[in-house]
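The opening residue of the sequence shown carries number 62 in my numbering; numbering runs sequentially from there. Note that beta-carbon positions come from the ideal geometry of N, C-alpha and C, so glycine has one too. Notes follow once the structure below has been shown.
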Amino acid sequence: MARLKGKVAYITGAGAGIARAAALLFAAEGAAVGVAELDRAAGERTVAEITGAGGRARFFATDVSKPDQVEQAINGTAQAFGRLDIIYNCAGGSAPPDDSVTRMPIDAFWRNMQIDLFGTFLGCRFGIPHLQKAGGGSIINMTSVMAFMGEIAGFPPRHAYSAAKGGVMSLTKCIAVEYGKDKIRANAIAPCFIESERNKGVLGRMSNSERSLLQTQHRLGTGEPRDVAEAALFLASDESRLITGIVVPVDSGLLAA
Ligand SMILES: NC(=O)c1ccc[n+]([C@@H]2O[C@H](COP(=O)([O-])OP(=O)(O)OC[C@H]3O[C@@H](n4cnc5c(N)ncnc54)[C@H](O)[C@@H]3O)[C@@H](O)[C@H]2O)c1
Numbered sequence: 062m063a064r065l066k067g068k069v070a071y072i073t074g075a076g077a078g079i080a081r082a083a084a085l086l087f088a089a090e091g092a093a094v095g096v097a098e099l100d101r102a103a104g105e106r107t108v109a110e111i112t113g114a115g116g117r118a119r120f121f122a123t124d125v126s127k128p129d130q131v132e133q134a135i136n137g138t139a140q141a142f143g144r145l146d147i148i149y150n151c152a153g154g155s156a157p158p159d160d161s162v163t164r165m166p167i168d169a170f171w172r173n174m175q176i177d178l179f180g181t182f183l184g185c186r187f188g189i190p191h192l193q194k195a196g197g198g199s200i201i202n203m204t205s206v207m208a209f210m211g212e213i214a215g216f217p218p219r220h221a222y223s224a225a226k227g228g229v230m231s232l233t234k235c236i237a238v239e240y241g242k243d244k245i246r247a248n249a250i251a252p253c254f255i256e257s258e259r260n261k262g263v264l265g266r267m268s269n270s271e272r273s274l275l276q277t278q279h280r281l282g283t284g285e286p287r288d289v290a291e292a293a294l295f296l297a298s299d300e301s302r303l304i305t306g307i308v309v310p311v312d313s314g315l316l317a318a
């Protein structure tokens with residue numbers, strides 16, 4: 062079943078983790094994928110995996126916090142595949158040394174804003190005109206359970222990251238309201254602890270008590286990148302055609318407590 066047959070997707074950070082899983086899944090479901098990634102080797106690996114499996118993908122060397130690079134990557138994706146239907150702003154993460162408001166270096170605040178919030182803004186800014194041209198489309202922005210919470214027990218404060226992801230939620234709602242008339246949908250996903258390669262390292266450095274706290278909070282267990290990619294696939298596909306302006310928690314029950 063090709064749930065994205067004929068569609069073209071632009072996905073940021075698709076060299077690793079959740080975005081990589083989404084790129085592989087979207088391509089397997091029939092989409093052509095523009096892989097926008099800072100790490101050239103990782104991005105090219107994702108493209109090789111997709112094309113090796115018979116799919117269509119193109120790599121674009123991109124820092125999502127640089128307007129000219131985002132514009133080129135999005136225009137390049139639309140040009141390579143003839144249209145653009147899906148924008149998945151996924152690149153991001155807590156940029157160290159993020160900490161509490163009074164402890165973090167001032168620059169750490171801006172670094173998180175630049176990648177997580179400004180990067181998402183840029184993807185929407187340069188992507189929306191292509192979706193309008195295509196007669197509509199789906200935007201998926203990456204937020205986090207951290208946007209809903211002042212802290213997660215057992216984790217150090219990451220106030221800049223939380224604030225940036227809160228901004229991503231608000232921006233998503235603004236876009237849903239403003240561009241609904243153009244048949245453009247905008248939704249966000251808020252994952253809990255997902256065992257990406259990077260987070261496997263974090264898990265390995267945790268004490269037994271921290272790990273057991275994590276398992277208690279995650280009632281269905283911690284997630285895999287594929288768990289988030291499946292939610293993104295639904296939001297990217299026409300199956301979610303009446304859904305816009307929402308945040309989908311993929312959170313193992315964490316926010317229910
Ligand atoms: N993993 C989790 O537990 C988790 C939880 C909640 C939210 N998220 C969010 O999901 C998204 C993906 O997280 P992940 O854990 O899969 O990440 P990851 O660290 O596994 O992969 C991130 C990818 O993005 C790329 N990247 C980093 N900065 C970039 C930039 N400026 N421009 C372009 N590419 C860049 C990296 O090279 C890497 O390939 C992030 O927005 C993160 O905040 C992750």
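Have a look at the options and flag the residue whose alpha-carbon is nearest the alpha-carbon of residue i.
{"i": "alanine 237", "options": "Val229, Asn248, Gly228", "result": "Asn248"}
{"i": "glycine 184", "options": "Ile148, Gly154, Arg164", "result": "Ile148"}
{"i": "glutamate 320", "options": "Leu85, Leu315, Gly180", "result": "Outside the displayed span of the chain (62 to 318) sits residue 320, for which this structure offers no information."}
{"i": "leucine 192", "options": "Ile245, Gly306, Asp299", "result": "Ile245"}
{"i": "phenylalanine 120", "options": "Ala93, Pro190, Ala208, Lys127", "result": "Ala93"}
{"i": "asparagine 136", "options": "Lys127, Phe187, Gly76, Asp159", "result": "Phe187"}
{"i": "arginine 172", "options": "Ala225, Lys242, Ala122, Val162", "result": "Ala225"}
{"i": "isoleucine 176", "options": "Leu99, Lys234, Tyr240", "result": "Leu99"}
{"i": "tyrosine 240", "options": "Ser270, Gly197, Ser231, Gly113", "result": "Gly197"}
{"i": "threonine 233", "options": "His220, Ala141, Ile200, Arg64", "result": "Ile200"}
{"i": "isoleucine 79", "options": "Ser155, Asn260, Ala317, Ala290", "result": "Ala290"}
{"i": "arginine 144", "options": "Asp159, Lys66, Ile111", "result": "Lys66"}
{"i": "valine 69", "options": "Ala82, Ala75, Phe87", "result": "Phe87"}
{"i": "glutamate 285", "options": "Thr73, Tyr71, Met62, Arg81", "result": "Arg81"}
{"i": "glycine 116", "options": "Glu271, Phe142, His220, Glu132", "result": "Phe142"}
Report whether the distance from the Cβ of residue i to the nearest heavy atom of ligand 1 is below 8 angstroms.
{"i": "isoleucine 79", "result": "yes"}
{"i": "isoleucine 213", "result": "no"}
{"i": "alanine 75", "result": "yes"}
{"i": "isoleucine 176", "result": "yes"}
{"i": "valine 206", "result": "yes"}
{"i": "arginine 272", "result": "no"}
{"i": "arginine 259", "result": "yes"}
{"i": "cysteine 26", "result": "This structure does not reach residue 26, given that the chain is present from 62 up to 318, and the question cannot be answered."}
{"i": "aspartate 19", "result": "Here the chain comprises residues numbered 62 to 318, so residue 19 is not present and cannot be evaluated."}
{"i": "serine 56", "result": "Residue coverage of the chain in this structure runs from 62 to 318, which leaves residue 56 outside it and unanswerable."}
{"i": "tyrosine 71", "result": "no"}
{"i": "glutamate 132", "result": "no"}
{"i": "leucine 99", "result": "yes"}
{"i": "threonine 123", "result": "yes"}
{"i": "alanine 103", "result": "yes"}
{"i": "cysteine 185", "result": "no"}
{"i": "lysine 244", "result": "no"}
Which residues share a DSSP beta bridge with residue i?
{"i": "methionine 73", "result": "A small correction: the amino acid at residue 73 is threonine; methionine does not occupy that position in the sequence shown. Looking at the DSSP assignment, threonine 73 forms a beta bridge with Ala97."}
{"i": "isoleucine 250", "result": "Met203, Val309"}
{"i": "phenylalanine 121", "result": "Ala97"}
{"i": "glycine 284", "result": "Ile255"}
{"i": "isoleucine 135", "result": "Paired residues: none, contrary to the question."}
{"i": "isoleucine 245", "result": "Gly198"}
Hey, residue i and residue j are a contact pair by Cβ (cut 8 angstroms); roughly how many whole angstroms apart?
{"i": "alanine 251", "j": "threonine 204", "result": "5 angstroms"}
{"i": "threonine 107", "j": "valine 125", "result": "Their Cβ separation, rounded to whole angstroms, is 16 angstroms, which puts threonine 107 and valine 125 out of contact at 8 angstroms."}
{"i": "valine 229", "j": "leucine 178", "result": "6 angstroms"}
{"i": "valine 311", "j": "cysteine 253", "result": "7 angstroms"}
{"i": "asparagine 150", "j": "asparagine 202", "result": "5 angstroms"}
{"i": "glutamate 258", "j": "alanine 77", "result": "6 angstroms"}
**Asked** Which runs of the alpha helix (DSSP H) fall wholly inside the stretch 144-206 and span at least 4 residues, in chain order?
**Response** 167-173, 180-194
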